[in-house]
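Only one structure is covered here, and it is reproduced in the block below.
There are 2 protein chains.
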Amino acid sequence: MDNDILRRGKPTCHVEFGEAMALLVGDALQSLAFQTLSMRMPGIGAERQLAMIHLLALASGSHGMAGGQALDMAAVGQQPTVNELEFIHIHKTGALIRSSILLGAHCGNASAEELEQLGHYANRAGLLFQIVDDILDAECNTATLGKTAGKDAAQNKPTYASLLGKVGADSLVADLRGEAHETLAPFDSRALRLHELTDFIVDRNF
Amino acid sequence: MDNDILRRGKPTCHVEFGEAMALLVGDALQSLAFQTLSMRMPGIGAERQLAMIHLLALASGSHGMAGGQALDMAAVGQQPTVNELEFIHIHKTGALIRSSILLGAHCGNASAEELEQLGHYANRAGLLFQIVDDILDAECNTATLGKTAGKDAAQNKPTYASLLGKVGADSLVADLRGEAHETLAPFDSRALRLHELTDFIVDRNF
């Protein structure tokens, strides 16, 4: 959703091909996700596939990413509470992170109980991602981050870093990281990649 | 996709709420379609529901509406042949008209043979819609049409009216209308609404 992300020196789609074409590509990619999820998958029941599609649709729309982005736009120039900021991010970035994790679990034919437990993990992973993103934006230089650093502050956009301060944000990251690892405990070595993902989200510097 | 459609005096979404919010609403509505189609429907098998979702996804994405719109943008200022123009419209507007008709047939648990026959009908209905749209754009005044008439010509946009002339376009409409009614013949009175839809597409003046 950012206008100025530059990765490996390549301009974003809308810079290279124009806004209209970039929007069409976005529409086409959203369709492609549902096209892919609705192909019959060996070893996964049709009922479960429908549940997976429903999960992704809810996470993408007004109850997920699109709704969270709308709230985020409305919050520019405001001073939301930490709870309000959390509500925005649970929807804006958290919902798709959560659905990515749960879709993977569905592919392993996870039980309802396992899905619920992974949902708790995913909520923490999503928040961790956002808080670390805010801290990096406030701290890093533009070259390391791959996007314009300090942009949030320049746009007067509320962030965890601005609401909690550096110390408070770091402390919240430490707490959430511990909780995230704990929620994965019942899965033993099957959750190895998710433990690694948790550490990657926190330790990345870009 | 038009920027200047005015219906009943109400401004379009992007005029009323800004482009960013209008784009988010579009994203959310696309998700909502898949959210709705992935809810379990009484009397329809899960396998068929997956086929319905796949149909809509294909019709919306790069092989359907989004791809057709991209081709349409690329054709502005060009002089495509009638076949090229048909290819654009089969994707840009035809694909979603076709999927609407086939999704309805799926809800009635139509057979593969019935779906194929209705696909032939739907292709004609989609083209009829577009040709009549072109004729109306060239002919009507803005008040009747509900959007800015003559816009296609002003944008140097290829249309059936400009490629075939008024007489040629009218003749093509008459042929396609007859073919459309014929393809519905095997369905007897069950296709009453589709016969009516065909006449409505041709006889409308807005």
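So the protein sequences, as listed, match chains A and B.
Per the numbering used here, the very first residue in the first sequence carries number 1; after that it's consecutive.
Per the numbering used here, the very first residue in the second sequence carries number 1001; after that it's consecutive.
Glycine included, each C-beta is placed from N, C-alpha and C at the ideal position.
N- and C-terminal bounds of the alpha helix (DSSP H) containing residue i
i        : result
T1023(B) : Residue 1023(B) is actually Leu in this sequence, not Thr. It spans 1019 to 1037 - the alpha helix (DSSP H) in which L1023(B) sits, taken as one unbroken run.
K166(A)  : 160 to 183
A112(A)  : 112 to 139
D188(A)  : Note, D188(A): premise wrong, no alpha helix (DSSP H); not H, not E.
Q49(A)   : 46 to 60
Q1069(B) : 1065 to 1075
N1083(B) : 1082 to 1089
R1204(B) : Unbroken run through R1204(B): none, as it is neither H nor E.
G104(A)  : 95 to 107
Residue-chain proximity (residue i, chain A), Cβ-Cβ < 8 Å
i        : result
I1044(B) : no
S1189(B) : no
E1196(B) : no
D1203(B) : no
Q1030(B) : yes
H1181(B) : no
H1054(B) : yes
L1163(B) : no
G1067(B) : yes
A1020(B) : yes
Q1035(B) : yes
Q1078(B) : no
A1122(B) : no
A1075(B) : no
L1127(B) : no
A1057(B) : yes
L1050(B) : yes
Selected residue, minimal CA-CA separation from residue i, among the options
i        : options                                : result
I1053(B) : H1106(B), T1093(B), G1026(B)           : H1106(B)
H1089(B) : F1200(B), N1109(B), H1063(B)           : H1063(B)
G67(A)   : G1165(B), S1031(B), L1184(B), T1093(B) : S1031(B)
T183(A)  : R204(A), L118(A), D199(A), F129(A)     : L118(A)
I1131(B) : I1097(B), E1114(B), K1151(B), L1172(B) : L1172(B)
L176(A)  : E114(A), A22(A), G126(A)               : G126(A)
E139(A)  : R40(A), L23(A), L197(A), F206(A)       : F206(A)
R1048(B) : G168(A), S38(A), I44(A)                : S38(A)
L1164(B) : L1102(B), T1012(B), N1083(B), Q1035(B) : N1083(B)
F1034(B) : G45(A), L96(A), S60(A)                 : S60(A)
L1128(B) : K1151(B), I1101(B), D1170(B)           : D1170(B)
A1191(B) : A1051(B), L1029(B), I1101(B)           : I1101(B)
R193(A)  : A174(A), G104(A), T36(A), G77(A)       : G104(A)
T1036(B) : V167(A), K166(A), A51(A)               : A51(A)
D1199(B) : M1041(B), L1023(B), R1124(B)           : R1124(B)
Reduced DSSP secondary structure (H/G/I, E/B, other) of residue i
i        : result
N3(A)    : Confidence at N3(A) is low in this model, with a pLDDT of 46, below 50, so its placement is unreliable and the value that follows should be read with caution. Correct three-state label for N3(A): coil.
K157(A)  : coil
V15(A)   : helix
L1192(B) : helix
C-beta neighbour in chain B for residue i, strict 8 Å
i       : result
D263(A) : Past the boundaries of the shown model lies residue 263(A); chain A is included only from 1 to 206, so the question cannot be answered.
L71(A)  : no
F87(A)  : no
S111(A) : no
I90(A)  : no
I135(A) : no
L96(A)  : no
N3(A)   : Low confidence applies to N3(A): its pLDDT is 46, below 50, so where it sits in the model is not reliable, and the reading given next is rough at best. False, the Cβ-Cβ gap to chain B never drops below 8 Å.
G61(A)  : yes
Q117(A) : no
S38(A)  : yes
E47(A)  : yes
#### Entry: Three-pair Cβ contact test at 8 Å for the stretch 64 to 76 of chain A versus the stretch 1054 to 1061 of chain B
no
#### Entry: Three CB pairs or more closer than 8 Å across the stretch 1077 to 1089 of chain B and the stretch 1108 to 1115 of chain B
no
### Query
Is the stretch 1156 to 1164 of chain B in contact with the stretch 1127 to 1136 of chain B, if contact means three or more CB pairs nearer than 8 Å?
yes
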